[in-house]
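Here the sequence shown is numbered in this note's numbering, starting from -11 and rising by one per residue. So the structure is just underneath, and the comments pick up after that.
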Amino acid sequence: MNNYYLRFITFLIGSSLLITRSVRAQESDEGLRVVTQANGHVYVYHTADMLLAQGLNVYRKDAGDFKKLNTEPIRAVRNGTELAESISAGLFAKLQASTEQDNATGLFLKLRSNRKNELLVSFVYPEIAWAMGRLFVDSTARPNSTVTYKIEFVNAQGKPTDKVLTRTLLLQPKRPDAPGQLKASNQAERITLTWNYAPYNRQNLDNVMYFDVYRQIAGSANAEKMNEEPILRTSDERTFQFRTNVPTLGKSYQFFVTAVDLSGQSSVPSQSFTLTAKDNVPPAYVQDVKTFVSADNTVLITWPVSVESDAVGYYVYRAPRSIDPFKKLNDKPLRLLDNRYQDKTTVGGQPYQYRITAIDASGNESEFSNAAAAFVKDQQAPPPVTSLSATFATDNKAVLLKWKAEKMPTDFRTFVIIRQKVERETSLAYAQLNETAWKQTTFTDAGIAKQTFPEGEYYRYGIAAMDSSANYSDTTFAILQIPDKTPPKPPVAIAASIEPNLGVNLTWNASVSTDVKLYQVFRRKLGSPTDSLLVKIPAAQARIFRDDKARIGTTYLYCVNAIDSLGNMGAKSAADTLKMRDFSSPAKVRNVQALASATGVFLQWEPTQIPDLAGYRIYMSDLATGFYKLVQSIPSKETHFTDPRGKAGQWYQIRAIDTSSNESPPGQPTQAVGKL
């Protein structure tokens, strides 16, 4: 469908109210509409129904009797051939294109089959009105006189029928009023023109049907018509608009508009508007900005080179946070290919946000890019503590730690107090003793879980100072031996927790016995009578194990026992029960298609590629942004579904479900469309 056809259809639909009102007004005056041009020529239209074989005679009465103005009856063309011969070739081709008729007969029948459409086209193109027997041009009338026009309809033999139309009026030669308040604005080459025109007045028809827009280079005498088709006037509009392009930026152009009545007569030009079309469109915003922080606290910002044809460079902006005002770092734009910037003005321990803008040759600046974050670390560590001592108090069975700390920085946050059990062959991992910030220079360690220290064991204590940027001083150590020994006892307290996407983390408290050499970790499925040995872990190692063989959806019982240096095996700890599950939602379902038919809505989508897929859920809503209700849950291998109750126009979302009941986020809603 070509552009003119679209404009023509818009004309038929959008202007129908204006023309229909005009026709009704004419029919109240015996179906006649009369336009007196500025040169005195009078255009007499009629809007009555007229059979193909009928004709008409036109009479005018001045002071005396009616005088017949035509010698032969005026008749409409009878076929497509006569229509093509009666109008200009250009107009004939334009109407053929607009009505999508490839022959003259088709165009003729298209006009004759719909009286309203015929009237609409006749009022825009006087040639059509003449060809369809609706127009007579009186060039002999005396201007500024009161006359009566009469149209007498005749049959095929030229005999008068009983159908007569008359209208009495004062012939006032006049051109249409010029449009007013013309304005123009531009977005680069794209020009938007607006103007005002008085709304349609039923009591005083001004006969204006459409507008033409003209352009000329400022200072030139030659004007060029810009609109290929009429810019139609509608009944209820006061402001009208037209968009066009100019060939060259930087030049000044003058625009003016004329109003055209149904006789084809143009008004005087409106007041012209001069516009210099400048490049005022900024480049597209820069994307994918990234930051890198080097060891010397320099922040490197990088971004892709702008592909805008007129881009010439960039500005770099910085703010402490994305919600704070951004300040420009470079006074002059970077060159187009300099798509990196080094910020050496940062301060350690501070966060920064960076944005980039692109600049074009006309000085237009793009919107901000995405904000890229960078955190510049404070790498200056506090000084280490001194004079650390560890003493075992026999009265309360606790270890007392003392140390000295001098000249701590202003951002000092806490001492980190650690303890390690030391054995002959190996040592256990360090455990941090203070759970919160500790700024005193003494600390009492009541032992593991505040129980009595096993006698005869060795412990290494360490103290480090930490600042607010998590910089740690060197650690100062002290070693202490607990007097005497205690017989071995079994281990206690196992805890199982899920580490998303990794498996089950198992931790347990150390046995209070000093001669424990080995721990054994067991697993049993819920309902199974026997435990399976998972691993043996030396007591010198950390008391943690990750079970990466646990299957999602299965419930397990975990327990631990201890073995001493003589090989005696202790009782198993109380079991910790855990159901393995996945915490990650599946990805959005992609490429959803919905096709409506008589049997419902057929849906299909791209499979979700995850190993623990349990199925899909179908949701439907009558609105794209409305509430979506569950329609159906289906097996995981199915990637299609027919909703027997679905209809065209409804909206659907597909969501994937895994075996841990995690549901994917909703994807882009898809509207059900009918078959073409």
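Ideal Cβ placement from N, Cα and C applies to all residues, glycine included. Bear in mind that the values here come from a model prediction, so they are computed numbers and not experimental data.
| Can you name the start and end residues of the alpha helix (DSSP H) that residue 118 belongs to? | 114 to 119
| task | Report the residue ranges of all alpha helix (DSSP H) runs contained in full by the segment 116 to 157; include only those spanning at least 4 residues, in chain order. | result | none
| query | Looking at residue 122 and residue 81, is the spacing between their C-beta atoms short of 9 Å? | reply | no
| query | Straight-line CA distance for residue 568 to residue 309? | reply | 40 Å
| request: Note the first and the last residue of the continuous alpha helix (DSSP H) segment covering residue 495. | output: Run containing residue 495: none in the alpha helix (DSSP H); it sits in the beta strand (DSSP E), 491 to 497.
| query | Given residue 45, which residues of its chain have a CB within under 7 Å of its CB, disregarding the five upstream and five downstream residues? | reply | Result list for residue 45: 56, 58, 61, 140 and 142, in chain order.
| field | Distance, residue 371 Cα to residue 395 Cα | value | 8 Å
| request: Give me the Cα-Cα distance between residue 305 and residue 458, rounded to the nearest whole angstrom. | output: 28 Å
| field | Straight-line Cα distance separating residue 20 from residue 240 | value | Between residue 240 and residue 20, the C-alpha separation is close to 46 Å.
| field | Runs of beta strand (DSSP E) lying entirely within the segment 555 to 625, each at least 3 residues, in chain order | value | 564 to 567, 581 to 585, 588 to 592, 601 to 609 and 617 to 623
| Through-space distance from residue 301 to residue 210, alpha-carbon basis | Taking the straight line from one Cα to the other gives about 40 Å.
| Buried versus exposed, by CB contacts within 10 Å (16 or more), residue 128 | exposed
| Helix or strand or just coil, what does DSSP make of residue 395? | coil
| task | Have a look at residue 350 and residue 200 and give me their C-alpha separation to the nearest angstrom. | result | 33 Å
| task | Name the residue from 225, 232, 221 and 78 whose alpha carbon lies nearest to the alpha carbon of residue 212. | result | 232
| Delimiting residues of the alpha helix (DSSP H) encompassing residue 84 | 77 to 87
| Tell me which same chain residues have a C-beta within less than 6 Å of the C-beta of residue 594, skipping the five on either side of it? | 578 and 579
| request: Using the Cα positions of residue 409 and residue 433, report the straight-line distance between them to the nearest angstrom. | output: In a straight line, the C-alpha of residue 409 is about 13 Å away from that of residue 433.
| field | The alpha helix (DSSP H) enclosing residue 93, as first and last residue numbers | value | 92 to 100
| In whole angstroms, what separates the C-alpha of residue 631 from that of residue 572? | Roughly 29 Å separates the two Cα atoms.
| message | For residue 269, tell me which candidate among 502, 66 and 176 has the shortest Cα-Cα distance. | response | 176
| task | Count the C-beta pairs between the segment 367 to 387 and the segment 446 to 463 that are closer than 8 Å, then say yes if the count reaches three, no if not. | result | yes
| Is residue 364 closer than 9 Å to residue 392 when the C-beta atoms are compared? | no
| Given a threshold of 16 other Cβ atoms within 10 Å of its Cβ, counted over all protein chains shown, does residue 537 qualify as buried or as exposed? | Around the Cβ of residue 537, a 10 Å sphere holds fewer than 16 other Cβ atoms; the residue is exposed.
| How about residue 249 and residue 164: do their beta carbons lie closer than 9 Å? | yes
| query | Can you give the Cα-Cα distance for residue 303 and residue 179, rounded to whole angstroms? | reply | 29 Å
| request: Would you kindly check if the distance between the Cβ of residue 544 and the Cβ of residue 619 is under 9 Å? | output: no
| said: Considering only their Cβ atoms, is the gap separating residue 447 from residue 428 smaller than 9 Å? | reply: no
| query | If you draw a straight line from the C-alpha of residue 658 to the C-alpha of residue 616, how long is it? | reply | 12 Å
| query | With a CB to CB cut of under 6 Å and the five nearest residues on each side skipped, what residues in its chain are close to residue 647? | reply | 540, 541, 600 and 602
| query | Is the number of C-beta pairs between the segment 250 to 266 and the segment 164 to 174 that are closer than 8 Å three or more? | reply | yes
| request: Give the secondary structure of residue 411 by DSSP, where H, G and I count as helix, E and B as strand, and everything else as coil. | output: coil
| request: Going by DSSP, name the residue or residues bridged to residue 34. | output: 20
| said: Taking the alpha carbon of residue 227 as the reference point, which residue from 329, 640, 169 and 161 has its own alpha carbon closest? | reply: 169
| said: With three or more beta-carbon pairs closer than 8 Å as the criterion, would you say the segment 553 to 567 touches the segment 605 to 614? | reply: Too few Cβ pairs lie closer than 8 Å, so no.
| request: Taking residue 563 and residue 546 to be in contact with their CB atoms under 8 Å, please state how far apart those CB atoms are, rounded to whole angstroms. | output: 6 Å
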